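Engineer:
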Amino acid sequence: MSEPVAPFSLEDAASAADDWGANCGPGALAAVLGLSLDQVRPHLGDFESKRYMNPMLMFAALRSLGVVWRNVTEDWPDKGLIRIQWEGPWTAPGVPVRVRYRHTHWVGSRLCRGEVEVFDINCMCVGGWVPLPEWSGRVVPWLLKECHPKANGRWHSTHRLAVGQAGDGGGK
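In the working numbering, the protein residues as written are 1 to 172.
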């Protein structure tokens with residue numbers, strides 16, 4: 001049975017955010033792999049100078065951790081990482097990709113008791129993991145209002161990765 005909460009606390013997440021900029025990417029990676037934020041930190045490449053995790057940086061972190069992963073077509077892998085693209089004026093035709101990247105968000109996914117749960121670093125006050133309907137119906141509207149007020153309310157995934165455990169071996 002999966003753990004009901006992330007392997008790190010709200011206080012751990014806040015401290016890591018203050019100390020080295022931990023945010024959604026490192027949080028989702030750690031939660032899905034069952035690691036602490038401090039355990040994933042050495043594997044994050046130049047995250048601390050960038051303060052964001054693009055797909056290449058996430059792939060490199062997974063390889064550094066020795067995690068087997070693969071791109072999948074299912075919306076919510078049984079155990080995985082999903083990169084969300086919030087939609088808005090930045091996703092209009094002709095807008096450079098680098099502008100779109102500023103409006104993305106990493107979350108984790110898992111199957112728990114037959115239901116999809118989403119890990120979102122913004123949900124640490126309840127352990128990080130929330131049922132998919134709660135995440136999409138309550139967390140997403142709040143995030144868009146607070147962080148991306150020009151968003152149009154829609155979103156889609158740009159990357160869906162099914163992952164193994166740290167130490168399972170590298171690769172894709």
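Every residue gets a Cβ at the ideal spot worked out from N, C-alpha and C, and that includes glycine. As the structure is a computational prediction, the values presented were derived from the model and not from experiment.
When you compare only the Cα positions, how much space is there between R51 and G21?
Structural biologist: Your numbering for residue 51 matches position 51 in the sequence shown. Your numbering for residue 21 matches position 21 in the sequence shown. Taking the straight line joining both Cα atoms gives about 6 Å.
Engineer: What residue ranges within the region 45 to 83 form continuous beta strand (DSSP E) runs of no fewer than 3 residues, ordered along the chain?
Structural biologist: With a minimum length of 3 residues, the continuous beta strand (DSSP E) runs that stay inside the region 45 to 83 are 69 to 71.
Engineer: Quick check on the burial criterion: 16 or more other C-beta atoms within 10 angstroms. Buried or exposed for P77?
Structural biologist: On the sequence shown, position 77 is the one that residue 77 refers to. P77 is buried by the Cβ-count criterion.
Engineer: Give me the Cα-Cα distance between R113 and V5, rounded to the nearest whole angstrom.
Structural biologist: For the purposes of this step, residue 113 is taken as the residue at position 113 of the sequence shown. For the purposes of this step, residue 5 is taken as the residue at position 5 of the sequence shown. Rounded to the nearest angstrom, the two C-alpha atoms are 14 Å apart.
Engineer: Give the C-beta separation of V99 and C123 to the nearest angstrom, bearing in mind that I take them to be a contact with Cβ-Cβ under 8 Å.
Structural biologist: Position 99 of the sequence shown, counted from the start, is the residue given in the question as residue 99. Position 123 of the sequence shown, counted from the start, is the residue given in the question as residue 123. Rounded, the Cβ-Cβ distance is 27 Å, inconsistent with contact.
Engineer: Which residues does DSSP list as the beta-bridge partners of T104?
Structural biologist: The residue you call residue 104 lines up with position 104 of the sequence shown. Its beta-bridge partners are Q85.
Engineer: Taking DSSP as the reference, what is the three-state secondary structure of S15?
Structural biologist: The residue given as residue 15 occupies position 15 in the sequence shown. Three-state result, S15: helix.
Engineer: Roughly how many angstroms separate the alpha carbons of V201 and P149, rounded to a whole number?
Structural biologist: Shown here, the chain extends from 1 to 172; a query on residue 201 therefore has no answer.
Engineer: What would DSSP say about H148, mapped onto helix, strand or coil?
Structural biologist: Translated into the one-based positions of the sequence shown, residue 148 becomes position 148. Note: H148 maps to coil in three-state DSSP.
Engineer: On a CA-only basis, which of A13, A151, D18, H156 is nearest W90? Give me that one, please.
Structural biologist: As a first step, residue 90 is located in the sequence shown; it is residue number 90 there, counting from the start. Ranking A13, A151, D18, H156 by Cα distance to W90 puts A151 first.
Engineer: Cβ of A61 within 8 Å of Cβ of G45?
Structural biologist: Reading the sequence shown from its first residue, position 61 is the one you call residue 61. Reading the sequence shown from its first residue, position 45 is the one you call residue 45. Yes, they are a contact pair.
Engineer: Per DSSP, V163 forms a beta bridge with which residues?
Structural biologist: Residue numbering aside, residue 163 sits at position 163 when the sequence shown is read from its first letter. Answer is W69.
Engineer: With the cut-off set at 8 Å, would you say V163 and W69 are in Cβ contact?
Structural biologist: Sequence index remark: in the sequence shown, residue 163 carries index 163 (1-based). Sequence index remark: in the sequence shown, residue 69 carries index 69 (1-based). The answer is yes: Cβ separation under 8 Å.
Engineer: Count the other C-beta atoms from every protein chain shown that fall within 10 angstroms of the C-beta of S2, then say buried if there are 16 or more, exposed otherwise.
Structural biologist: Within the sequence shown, the letter at position 2 stands for residue 2. Below a pLDDT of 50, predicted positions are generally treated as unreliable, and S2, at 49, falls in that range; no measurement from the model is reported.
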